[in-house]
Each structure stands twice: as C-alpha cells, then as structure tokens.
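**Q** After the structure tokens below, expect a handful of questions from me.
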Amino acid sequence: GRRRLVAPMPPSLRTSLAGIPLECAVYNASGPKSGHVSDLVNVGHSRAGAVLSKSATLVKQSGNPLPRLRQIALGKGLAQGSINSEGLPNAGIDYYISQTVLDGVAQTGKPYIVSLSGLKMEDNVEMLGRIASAAAASPGKIKAVELNLACPNIPGKPTVALDFDQMASVLKLVLEHQGFADSGLPLGIKLAPYFDGPHFDQAAEIINAHAGRIAYVVTMNTIGNCLTIDTETESATIAPKGGFGGLAGGFAKHI
C-alpha cells in the first residue's frame, strides 16, 4: 500500500517555571530595558514567554552617572555584547505593582514576574508585603517574584550573592515573611556568576536549606567588575566606578 508522509511537528519551546506555563522558554532579563511600562508591554507583545520587571528598590532612584550602558558589536554572526553600570535606576516598587503596569502586562496575556533588589534587608521585607497586597488586590496579575541578590553596580555595596553569610541572612528574613508566604507566589532568586567550585558549593548549601520555598534559580547576572576600553579615545566606555561594569550579551552567552 501507499505510505503517507507526515510532516514533522515544529519543535516546541513550551515549558514551565515554578508551575507557571510558558509558551516560550525564553523571556527578558531584568535590566536596562525593562524599567517602564512601555518596555514591559513591548516584551509582552513579543514571542517572550514571560515579562520580568526591572529590579525594584523600595523608593525610586536615578542610578549611576551617564554614560552607564554601552552596546558593543562583536563581529559577524555573534550576538551584540554590552557593558553596564546602571546602579539600579528604577521607578520604585509601587510603580511595578501599580494598576497601570499590572493591567498593561495582563492585556498581553504573558505571565508577569516582579523583580526586587532592596538596598537593605528591611527593604526587601517591606517590598514583599506590598507585592503580596497587590497580588491579593489583582488576582493572577503577578505570577512570581524574583529576588535579585546579584547586582554588582551599587558603589559601596557588596554583591549579596558573593557574601554567603549575608546571602543566608537575607533569605532567612525573606522566607520568614508570613504575608508573602500566604500569598502563594513562587519565589525565585537571581545569583551572581560563580567561577570557583567552593562558591557553587556554598551557594547550593544555602539554597538547598530552603528547597521547599525557593521555586527557581536564575543564573546568572552580568559578569561584574569588567572594563572595556574605547581604542579611539583610549578611555573607558562607561563613566561610573572608573569604567568598571558588568558584561552581558555576546560576552556572557558562552559562559
């Protein structure tokens, strides 16, 4: 008899994150282009699987001096690289959980994840309470929370994910927040890149101590404390921290 040829099914990029169905396994990072509702809505209308907010602080802050972000072409066939030392410019947590933002992202149909990065441990606790309240007032419009422990670009502030005692203290305090626990929102954590075996072991030990509460792990943030030089001007390409910042994009994809 005749054999019927069946066209192969296209590969699926569907997955789930902390029980949240995603139509695509790729979504935006929390970074320089996720700070305004228009940025977030644009992500929602793309093929991204979710929408992740800019990492919020308790109150609005302007960040580091300009220029603080430089995109760098890496050559044909390679993803564009970048260096930044933004210093967490953001509109403050109340903006990212406002009805304007929640409704704007909701109309795209994509899950919305709120990222936070308190400058003090107490700030994280306060923001979690506000997120829990916003989630209760607008059911389904916040799907998860990402706790950013990895920002390397705040002058005078250590990267929490590289200070393991501090990391353990922050997670203990956050996970003791009963109001946030009662909200049922999954909690993910964003880590710094690790390059030393014992660092992986220490981070894993801390995370595994809360295995039932930490729903997912984001690895990694930018590669911190790097320097790029403009060969024409023989000067750093960004202004803050003497030109030192975090490498991303094509520089980091291989890692």
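Reading the sequence shown from the start, the letters are residues 925 to 1179 in the numbering used here. Beta carbons: idealized from backbone N, C-alpha and C, even for Gly.
1) Would you call the CB atoms of L937 and A974 closer than 7 angstroms?
2) So, is A1128 buried or exposed, given that buried needs 16 or more other C-beta atoms within 10 angstroms?
3) Does the pairing of the region 990 to 1003 with the region 1015 to 1026 give three or more beta-carbon distances under 8 angstroms?
4) Need the endpoints of the beta strand (DSSP E) that E1070 sits in, please.
5) I'd like the ranges of any alpha helix (DSSP H) spanning at least 4 consecutive residues and lying wholly in the region 1040 to 1119.
6) Taking the beta carbon of P1082 as the centre, do at least 16 other beta carbons fall within 10 Å, making it buried, or is it exposed?
7) Under 7 angstroms, do I1055 and I1007 count as touching if we go by C-beta distance?
8) Tell me whether N1132 is buried or exposed, calling it buried when 16 or more other Cβ atoms sit within 10 Å of its Cβ.
9) Short check: CB of S977 to CB of V1038, under 7 angstroms?
10) At 3 residues or longer, and completely inside the region 968 to 1050: list those beta strand (DSSP E) runs for me, N to C.
11) Within 6 angstroms: the Cβ of I1066 and any heavy atom of the ligand FMN?
12) Work out the CA separation of G1033 and S1009 for me, nearest whole Å.
13) By how many angstroms is the C-alpha of A1172 removed from the C-alpha of L1151?
14) Could you check the C-alpha separation between H1134 and G1174 for me, to the nearest Å?
15) Grab the span of the alpha helix (DSSP H) containing P945 for me, first residue to last.
16) Assess, as a yes-or-no matter, whether the region 1042 to 1054 is touched by the region 955 to 972 under the definition of 3 or more beta carbon pairs within less than 8 angstroms.
17) How many Å lie between L1052 and S1041 at the Cα?
18) Bridge partners for I1138 per DSSP, in chain order?
19) Where A980 and L1012 are concerned, what is the direct C-alpha to C-alpha distance, given to the nearest angstrom?
20) What's the C-alpha gap between F1104 and M1091?
21) Going by Cα to Cα distance, which pick from T1155, G1121 and L1115 is closest to Y1140?
22) Between which residues of its own chain and Q1004 is the CB-CB distance below 8 angstroms, once the five residues before and five after are set aside?
23) Just mark G955 as buried or exposed, buried being the case when its beta carbon has 16 or more other beta carbons within 10 Å.
**A** Reading it off the structure:
1) no
2) exposed
3) no
4) A1068 to N1072
5) The qualifying runs are 1045 to 1061, 1088 to 1099 and 1102 to 1107.
6) exposed
7) no
8) exposed
9) yes
10) 993 to 996, 1005 to 1008 and 1036 to 1040
11) This structure lacks the ligand FMN; in fact it carries no ligand of any kind.
12) 32 angstroms
13) Distance between the alpha carbons of L1151 and A1172 is about 12 angstroms.
14) 33 angstroms
15) P945 -> not in any alpha helix (DSSP H); beta strand (DSSP E) instead, spanning I944 to L946.
16) no
17) 11 angstroms
18) L1111
19) 8 angstroms
20) 19 angstroms
21) The option with the nearest alpha carbon to Y1140 is L1115.
22) Q995, I996, A997, L998, G1173 and G1174
23) G955 is classed as buried because its beta carbon has at least 16 other beta carbons within 10 Å across all chains shown.
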